[in-house]
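K.L.:
Starting off with a structure, shown below.
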Amino acid sequence: MTDMSPVKHEELTELVRRAPLSFVGTVTRVGGTSLAAVPAEARDDRTAVVRVDQVLHAPEAFGQLAGSEVTVQLSPDEGRMAVGGRAAFFTQGMVYGEGLGVTEVGRLPAEAVQHHVSLAATTADEQPFTSVQREIRHQDLAAHADEADAVVVGTVAGLRRVGRAGRRSEHSPDWWLASIDVTQVESGPLGKGTVPVLYPNSRDAHYYRVPKPEAGQEGLWLLHATQEDQRELAPYELVHPEDYQPVHKLAVLRERR
Amino acid sequence: MPTLKVVNITPKVLSGTVTQDSEPFLAVNPETPTEMVATAFTPDPMDGPLAPVYVSTDGGDSWVLHTVVPGAAPGLGTADITVAFAAQGGALYAGILNGLAALQRPPITRMQILRAPSVASTAAMEILVSRDEEDQPWVIADTVAAGGSDRDRVYIGNNGPGPRTARVDLSGDARTAPAPAGFVSTTIERRNPAGQDGPPVRLAVHPDGTVYAAFQSWRSNDQGDPITNVGFDVVVTRDDGGGVDAHPFQDLKDATDSVPGQRVATDRFVAFNSTMGQERLGGDLTIAVDPTGADRVWIAWCDRVGGPAGVDNTLHVRHSEDRGQTWLQVRDDVTDAKNPSLAVNEDGLVGLVYQRFASNQWTTVLEVTADNWSTAPESDVLHQAPANVPRARGLPFLGDYIRMLAVGKDFYGVFAGNNTPDRANFPVGVTYQRNANFTTHQLLSTDGVTRVPPSIDPFFFHRAA
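If you're matching them up, the sequences are chains A and B in order. The numbering of the first sequence is this note's numbering, which starts it at 1 and goes up by one. The numbering of the second sequence is this note's numbering, which starts it at 1001 and goes up by one.
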């Protein structure tokens, strides 16, 4: 008998966390694939071709997979499937060629995610699990804030280049200092006032995702204590893409800490 | 008549991608030239722990992604990556900067030398060497007969700890030996540079065992952060025994000071980390040897002829007929160019590919000459497109280098560029795997309907004799 009950929230969150791509699909072939990029040694009775009926969540590049066929290497922890079988597949990428090959990391009955599919149709969410992904991002933000040495609200009052001697390459960080006028201390051993914050201003691939403060910019700043050789320059630094957040994320943070 | 084809190597299933897949590199299996591996700053499409390489087994007509490179960072993949096949045996070698280490606190430029048994391997590449504070690993490989068996010699030019930072890591038997597979690091800078050498160390190997290694010996730098004003010499070193003897890369001594390493050009200037057409400048260098005669070698580099007050980035080409001792200019300089890559085929034809910025366009040009540019070379524009599209997502925009190599009579290469599907951008034609409408000049996602904005894609080219 098919399990019609909605999936538990925690179970779904965990699946979405493990699987970058999920979709409701129907099996059209078992035991092989026409996707040449799937190695011959990887094809067996757990190799299935699945038509994507609906994408549940996906990286941006795969948001329009509905209607296409993907090759799924079914998980040994899940049951075999027959042609015509329908389920919600939770997958990771395997090969990328003329089509997509994925490895299954989890599975739910299609009916178990129907609630999310129906609900998504009534919201502005792009995909049925967009709300789950949002919740994961908020969890991750809270965890990241817990790892930070200070969390403050403040406005960038000034910027200046530090200039440090040493070996140089195209990957040099180009350290700058931002003076942040702190108006609110959410956590950390500092008070209101101006705090200097170090950040790599380089746009090199190693650093370009680290926030680059701009003069007058107000934000929620997740600050990390500088390491020993940088401590003379500033007590804190920005090192992670998530170290700047818009101020309204403070409410999100408080809700989850 | 030679034929020329250009292929956008982004696979069809990645039609929705908008990543900046810059700094491409290419390896062609000399035993089976239809097998090739290309690389770029391409993240795993689903942000997995392994970065991808592009694989073709049909001569470059179609490409798939294999996620095999360890150390992928979310949104970045690996950092620098270059790849090479040896002459025989099919093993694939890579030199990378580990992506995860690049995001550590403090960031680490961790060079790793990797190996895979073949182009078909879908397992994670084996880490042979891992060393910190290195930059720009650049790999070539060859195969030699030794002791009744074939051995892969693998060379990785890199920029290590200073002040003599130009190095070559070399293994004389890299194919099967367990890690670290015999790799030994050799400093090829023998003078006293100003703090360090430039990032690029480029190599060319001849089947007779002659190996050339070129680098930029920094003679001055302003010690700024970032450095902007750099004076340098272009230096070529040589080893006549494959680099495996007791004194590697000391067989070419400078005609003036007798120090190993002939200075090809002196007192050059570059505005390191300055930009042109959204791309950074500062480390352009390439060298190639004639497979029919190891005496004949070509080198190209870029510098700022106008000095600190200038705005140019000028490409120079020099040629030596005497194993790197004396050098002559063989081609007119090219202003505002970068990413030169030289190769020589078995007929002695010299190929030069470079990217030039002019009139707010990046143009990728392939030249082939049979007479050292004494007469006009065969010249083809592989790609031309606005330099301000897309807006750069970090650097490099197109890459600190591109790659061309010759196998037999054919030239193979890769470059990165604005992927707007416009026939006018590809004068010699192009094939896209990803969905694109060349009438409306619109990229389309996997559904063939949803619009996708332009980004930077790697392009493969092949000039077949």
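In this text, a Cβ means the ideal position worked out from N, Cα and C, and glycines have one as well. Note that the coordinates shown come from a computational prediction; the quantities given were computed from them, not determined experimentally.
#1: If I follow the unbroken beta strand (DSSP E) through I136/A, where does it start and stop?
#2: Can you tell me whether G1307/B is helix, strand or coil according to DSSP?
#3: I need the straight-line Cα distance from A215/A to H240/A, nearest angstrom please.
#4: Between the C-alpha atoms of M1342/B and D53/A, what's the straight-line distance to the nearest angstrom?
#5: Give the secondary structure of F62/A by DSSP, where H, G and I count as helix, E and B as strand, and everything else as coil.
#6: Using beta carbons (cut-off 8 Å, strictly below), is I1227/B in contact with chain A?
#7: Could you tell me how far apart the beta carbons of A145/A and L253/A are, in whole angstroms, since I believe they sit closer than 8 Å?
#8: Starting from the beta carbon of Y96/A, find every residue of chain B whose beta carbon is closer than 7 Å, and list them in chain order.
#9: Using the beta-carbon of each residue, which ones in chain A are nearer than 7 Å to T1017/B?
#10: Are the CB atoms of V1211/B and D1239/B nearer to each other than 8 Å?
#11: Between which two residues does the alpha helix (DSSP H) holding Q114/A run?
#12: Quick one: give me the first and last residue of the beta strand (DSSP E) that R1434/B is part of.
#13: In its own chain, which residues sit with a C-beta less than 6 Å from the C-beta of L108/A, not counting the 5 before and 5 after it?
#14: Can you tell me whether M267/A is buried or exposed? The criterion is at least 16 other CB atoms within 10 Å of its CB, across all chains shown.
#15: Quick one: residues in its chain with C-beta nearer than 7 Å to the C-beta of G1307/B, no 5 flanking neighbours on either side, listed in chain order?
#16: For R80/A, which residues in the same chain have their Cβ closer than 8 Å to its Cβ, ignoring the five residues on either side in sequence?
#17: Which of helix, strand or coil does DSSP assign to Q1250/B?
#18: CB-CB under 7 Å to S131/A, same chain, minus the five flanking residues each way: which ones, in chain order?
#19: Given this structure, state the Cα-to-Cα distance separating M1/A from H9/A, to the nearest angstrom.
#20: Using the C-alpha atoms, what's the distance from F62/A back to P246/A?
#21: Using only the alpha-carbon positions, how far apart do N1273/B and V72/A sit?
#22: With 16 other CB atoms within 10 Å as the buried threshold, where does H57/A fall?
#23: Using a Cβ cut-off of 9 Å, pull out every chain A residue sitting near P1107/B, in sequence order please.
#24: With a threshold of 16 other CB atoms inside 10 Å of the CB of N1419/B, please say whether the residue is buried or exposed.
#25: Tell whether a beta-carbon distance below 8 Å holds between L1103/B and A1124/B.
#26: Three or more beta-carbon pairs under 8 Å between the stretch 1147-1162 of chain B and the stretch 1223-1232 of chain B, yes or no?
#27: Count the other CB atoms, across all protein chains shown, that sit within 10 Å of the CB of L1026/B; report buried if there are 16 or more and exposed otherwise.
#28: For N1029/B, go through chain A and note every residue whose CB falls closer than 9 Å to its CB, in chain order.
#29: Alpha carbon to alpha carbon, how far is M1036/B from T33/A? Give it in angstroms, no decimals.
#30: Return no unless some Cβ of chain A is closer than 8 Å to the Cβ of T1032/B.
#31: So with CB distances below 8 Å, who are the chain A contacts of S1445/B?
#32: Any residues in the stretch 224-250 of chain A with a beta carbon nearer than 9 Å to a beta carbon of chain B? Which ones, in chain order?
#33: At a Cβ cut of 9 Å, what residues of the stretch 68-95 of chain A count as close to chain B, listed as they run along the chain?
#34: Residues in the stretch 1377-1400 of chain B with C-beta within 9 Å of chain D's C-beta atoms, listed in sequence order?
#35: Of all the beta strand (DSSP E) runs that stay within the bounds of the stretch 1237-1296 of chain B, which reach a length of 3 or more residues?
#36: Can you give, in chain order, each stretch of the beta strand (DSSP E) that sits fully within the stretch 9-36 of chain A and has at least 3 residues?
P.N.:
If we stick to the structure as given:
#1: As a working note, residue 136/A is residue 136 in the first sequence. From DSSP, I136/A is part of no beta strand (DSSP E) but of the alpha helix (DSSP H) over T130 to E147.
#2: Along the second sequence, read from residue 1 onward, the residue named residue 1307/B stands at position 307. If DSSP states are grouped into helix, strand and coil, G1307/B belongs with the helices.
#3: Locating residue 215/A in the first sequence gives position 215, counting from the first residue. Locating residue 240/A in the first sequence gives position 240, counting from the first residue. Going by the C-alpha atoms only, they are around 19 Å apart.
#4: In the second sequence, counting from the first residue as 1, residue 1342/B sits at position 342. In the first sequence, counting from the first residue as 1, residue 53/A sits at position 53. The residue you asked about is not Met; residue 1342/B is Leu in the sequence shown. Cα to Cα, the separation comes out at about 49 Å.
#5: Within the first sequence, the letter at position 62 stands for residue 62/A. Here F62/A sits in helix by DSSP.
#6: Looking up residue 1227/B in the second sequence gives position 227. At least one chain A Cβ lies under 8 Å of I1227/B.
#7: Position 145 of the first sequence, counted from the first residue, corresponds to residue 145/A. Position 253 of the first sequence, counted from the first residue, corresponds to residue 253/A. Their Cβ separation, rounded to whole angstroms, is 6 Å, which keeps A145/A and L253/A in contact under 8 Å.
#8: Position 96 of the first sequence, counted from the start, is the residue given in the question as residue 96/A. Result: P1011, V1013, L1014, P1045, V1064 and L1065.
#9: Here residue 1017/B is taken as the residue at index 17 of the second sequence, counted from 1. Ordered by position in chain A, the residues that pass the 7 Å Cβ test against T1017/B are A61.
#10: On the second sequence, position 211 is the one that residue 1211/B refers to. On the second sequence, position 239 is the one that residue 1239/B refers to. It is a contact, given that the beta carbons lie within the stated cut-off.
#11: Counting from 1 along the first sequence, the entry for residue 114/A is found at position 114. Element bounds for Q114/A: Q114 to A120.
#12: In the second sequence, counting from the first residue as 1, residue 1434/B sits at position 434. From DSSP, R1434/B is part of no beta strand (DSSP E); its letter is neither H nor E.
#13: Here residue 108/A refers to the residue found at position 108 when the first sequence is read from its first residue. So the list reads V7 and A88, once near-sequence residues are dropped.
#14: In the structure as shown, chain A starts at 1 and stops at 257, and residue 267/A therefore has no counterpart that could be examined.
#15: Position 307 of the second sequence holds residue 1307/B. The residues are F1269.
#16: Residue 80/A sits at position 80 when you count from the first residue of the first sequence. Hits under 8 Å: V30, D45, R46 and L74.
#17: Indexing the second sequence from 1 puts residue 1250/B at position 250. Three-state DSSP puts Q1250/B in coil, outside helix and strand.
#18: Within the first sequence, numbered from 1, the residue matching residue 131/A stands at position 131. Excluding residues within five positions, the ones whose Cβ falls inside 7 Å are D125.
#19: The sequence position of residue 1/A within the first sequence is 1, counting from 1. The sequence position of residue 9/A within the first sequence is 9, counting from 1. Note that M1/A scores 42 on pLDDT, short of 50, meaning its location in the model is unreliable and no value can be drawn from it.
#20: For the purposes of this step, residue 246/A is taken as the residue at position 246 of the first sequence. For the purposes of this step, residue 62/A is taken as the residue at position 62 of the first sequence. The straight-line gap from Cα to Cα measures roughly 28 Å.
#21: Counted from its first residue, the second sequence places residue 1273/B at position 273. Counted from its first residue, the first sequence places residue 72/A at position 72. Their backbone Cα atoms lie some 45 Å apart in a straight line.
#22: As a position in the first sequence, residue 57/A is number 57, starting the count at 1. H57/A is buried by the Cβ-count criterion.
#23: Translated into positions along the second sequence, residue 1107/B becomes position 107. Within chain A, the residues near P1107/B are H171, P173, P200, H206, Y207 and V239.
#24: Counting from one through the second sequence, the residue named residue 1419/B turns up at place 419. Buried, because 16 or more other Cβ atoms sit within 10 Å of the Cβ of N1419/B.
#25: Translated into positions along the second sequence, residue 1103/B becomes position 103. Translated into positions along the second sequence, residue 1124/B becomes position 124. Taking 8 Å as the Cβ cut-off, L1103/B and A1124/B do not qualify as a contacting pair.
#26: no
#27: Start at 1 with the first residue of the second sequence, and residue 1026/B comes out as number 26. The residue is buried, with at least 16 neighbouring Cβ atoms inside 10 Å.
#28: To locate residue 1029/B, count along the second sequence from 1; it is residue 29. Per Cβ cutoff of 9 Å: no residues; N1029/B is ~18 Å from chain A at best.
#29: As a first step, residue 33/A is located in the first sequence; it is residue number 33 there, counting from the start. As a first step, residue 1036/B is located in the second sequence; it is residue number 36 there, counting from the start. Approximately 24 Å, taken between the alpha carbons.
#30: Looking up residue 1032/B in the second sequence gives position 32. It does not: the Cβ of T1032/B has no partner Cβ on chain A nearer than 8 Å.
#31: Residue mapping note: residue 1445/B aligns to position 445 of the second sequence, counting from 1. Per Cβ cutoff of 8 Å: A61, G63 and Q64.
#32: H224, Q227, D229, Q230, E237, V239, H240 and P241
#33: S68, V70, T91, Q92, G93, M94 and V95
#34: Considering every chain present, this structure includes no chain D. Its protein chains are A and B.
#35: 1262-1271 and 1285-1290
#36: 21-30
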